[in-house]
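Chemist: According to UniProt numbering, the residues represented by the sequence shown are 1 to 314, in order.
Where a beta carbon is used, it is the ideal one built from N, C-alpha and C, also for glycine.
Predicted model only: the values in this text are computed from it and were never measured.
Sharing a structure, written as structure tokens. Questions coming.
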Amino acid sequence: MDPQKIKMTPKDFFMQLGLVVALYVSVISLLALVFQIINVAFPDALQNRYYYDPYSSAIRWAIASLIIVFPVFLGLSSWAVRTYGKIPEKKNLPLRRWLMYFNLFVAGIVIAVDLIVLINTFLGGEITARFILKVVAVFVVAGLVFGYFILDLKDSLTRAHRRNFFGVSVIIILGSIIVGFILMGSPQTQRKLRFDAQKVQDLQEIQWRITDYYGLKAKLPATLEEIDDPLAGGSVVKIDPQTNDEYVYRVKGPLTFELCADFNFSSEEGKSDSASIAYPVGYGYIDENWTHGVGNHCFERTIDPEKLPPRKGI
């Protein structure tokens, strides 16, 4: 067939474009997942001492992207191999060659930026094991991408080469996804962690209302119903979202009270140092600590009247 008569069809355009996009998303998601696994396996004691992400959101996004996009990439790659096997002249379509060179160019930029970030982090004092493993991950993924497309551009890819490339890619991605699931836990575990985080947030809101009540009236409320104020945000949430039971509030002294709730996990479980969810450090007039164990746990609070004197003239 005369190469001059081979024309690009809309199908060729969108399939090639989809192949490149699927590759980018797969590579970025894989590196993000591997980096999070390394962060969990080799935590940095200097990073995020007060914050943690109980939902493993970065791992969830990476796994979800790989589960959907990587099979799309494999399917489009299989289509390309079949198409070029039937019509070898289509390998020289300008669109294909432009996208392949563009792919290598963008991949090179991404890898260079990743390495710059890694080196900057290393110079900032990150532990050596994390640094080395992340560099190795970038180079392994980059080596597979560059090696595959360079051989493809040179028309040197044999069936054995393709099989080996895809086999190694599938093993790496499946292995990373399995490890990610192990670190993240099941969807049921994630839901329970979210319940625990919501309970702590509810107790924080209740505590704020109690201290505000004390500032106004120079005494602790006898019950949680007394802290409801339409002018200060309405009724406070008093019900555990998981059990539908009311949170326990007890007055233990003129300045001391405690708040209790049932928790599914200890506050140390599920902790990673890629944190985004926080427990506040404190309001300044109460020494706060939201660390809790499994089951029923009570947080005792004592108001410092010197730091929170009753408001006069109100």
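State the Cα-Cα distance for the pair Asn92 and Gln36, rounded to the nearest angstrom.
Modeler: Computed Cα separation, rounded: 40 Å.
Chemist: May I ask you to report which of helix, strand or coil DSSP gives Leu99?
Modeler: helix
Chemist: What are the partner residues of His297, as DSSP defines its beta bridges?
Modeler: Answer is Ala261, bridged to His297.
Chemist: Check whether the segment 61-76 touches the segment 111-122, taking contact to mean three or more Cβ pairs, one atom from each stretch, closer than 8 Å.
Modeler: no
Chemist: To the nearest angstrom, how far is the alpha carbon of Phe146 from that of Ser186?
Modeler: 35 Å
Chemist: Count the other CB atoms, across all protein chains shown, that sit within 10 Å of the CB of Ile210; report buried if there are 16 or more and exposed otherwise.
Modeler: buried
Chemist: According to DSSP, Val248 sits in a beta bridge with which residue or residues?
Modeler: Cys260
Chemist: So, at 7 Å on beta carbons, what are the nonlocal neighbours of Thr291 in its own chain, with the 5 sequence-adjacent residues on each side left out?
Modeler: Ser267
Chemist: If you reduce the DSSP assignment to three classes, tell me which class Tyr84 lands in.
Modeler: In the structure shown, Tyr84 sits in a helix (DSSP, three-state: H, G or I).
Chemist: In the structure shown, what three-state DSSP assignment does Ile178 receive?
Modeler: helix
Chemist: Looking only at its own chain, which residues have a Cβ that is under 6 Å from the Cβ of Leu183, when we skip the five neighbours before and after it?
Modeler: Val40
Chemist: Could you say which of Thr9, Pro10, Val27 and Leu33 lies nearest to Ile177 if we only look at CA atoms?
Modeler: When each option's Cα is compared against that of Ile177, the closest is Leu33.
Chemist: Going by CA-CA distance only, name the one from Val168, Asn120, Val21 and Gly125 that's closest to Val140.
Modeler: Val168
Chemist: Quick check on Gln188: buried or exposed, where buried means 16 or more other Cβ atoms within 10 Å of its Cβ?
Modeler: exposed
Chemist: Which residue comes first and which comes last in the alpha helix (DSSP H) that contains Asn39?
Modeler: Pro10 to Ala41
Chemist: Run through the DSSP bridge pairs and tell me what Thr302 is partnered with.
Modeler: Thr256
Chemist: For Gly295, count the other beta carbons within 10 Å of its own beta carbon; 16 or more makes it buried, fewer makes it exposed. Which is it?
Modeler: Its Cβ having fewer than 16 others within 10 Å, Gly295 is exposed.
Chemist: Between the segment 57-72 and the segment 195-204, can you find at least three pairs of beta-carbon atoms closer than 8 Å?
Modeler: no
Chemist: Skipping 5 residues on each side, what residues in its chain have a beta carbon closer than 7 Å to that of Ile81?
Modeler: Sequence inspection shows Val at residue 81; the Ile mentioned does not correspond to that position. The residues are Arg162.
Chemist: Below 6 Å CB to CB, which residues in the same chain sit around Leu104 once its five sequence neighbours on both sides are set aside?
Modeler: Phe149
Chemist: So for Asp229, helix, strand or coil by DSSP?
Modeler: Here Asp229 sits in strand by DSSP.
Chemist: Going by the CB atoms, is the gap between Tyr249 and Ala261 shorter than 8 Å?
Modeler: no
Chemist: Please state whether the Cβ-Cβ distance between Glu205 and Val236 is less than 8 Å.
Modeler: yes
Chemist: When the Cα atoms are used, what is the spatial distance from Glu258 to Ile227?
Modeler: 15 Å
Chemist: Leaving out five residues before and five after Pro305 in sequence, what residues of the same chain have Cβ atoms less than 7 Å from its Cβ?
Modeler: Leu255
Chemist: What is the C-beta distance between His297 and Phe263, in whole angstroms, given that I count them as a contact (C-beta under 8 Å)?
Modeler: 6 Å
Chemist: Is it right to say Gly143 is buried, meaning 16 or more other beta carbons lie within 10 angstroms of its own, or is it exposed?
Modeler: exposed
Chemist: Going straight from the alpha carbon of Leu153 to that of Ile63, what length do you get?
Modeler: Approximately 30 Å between the Cα atoms of the pair.
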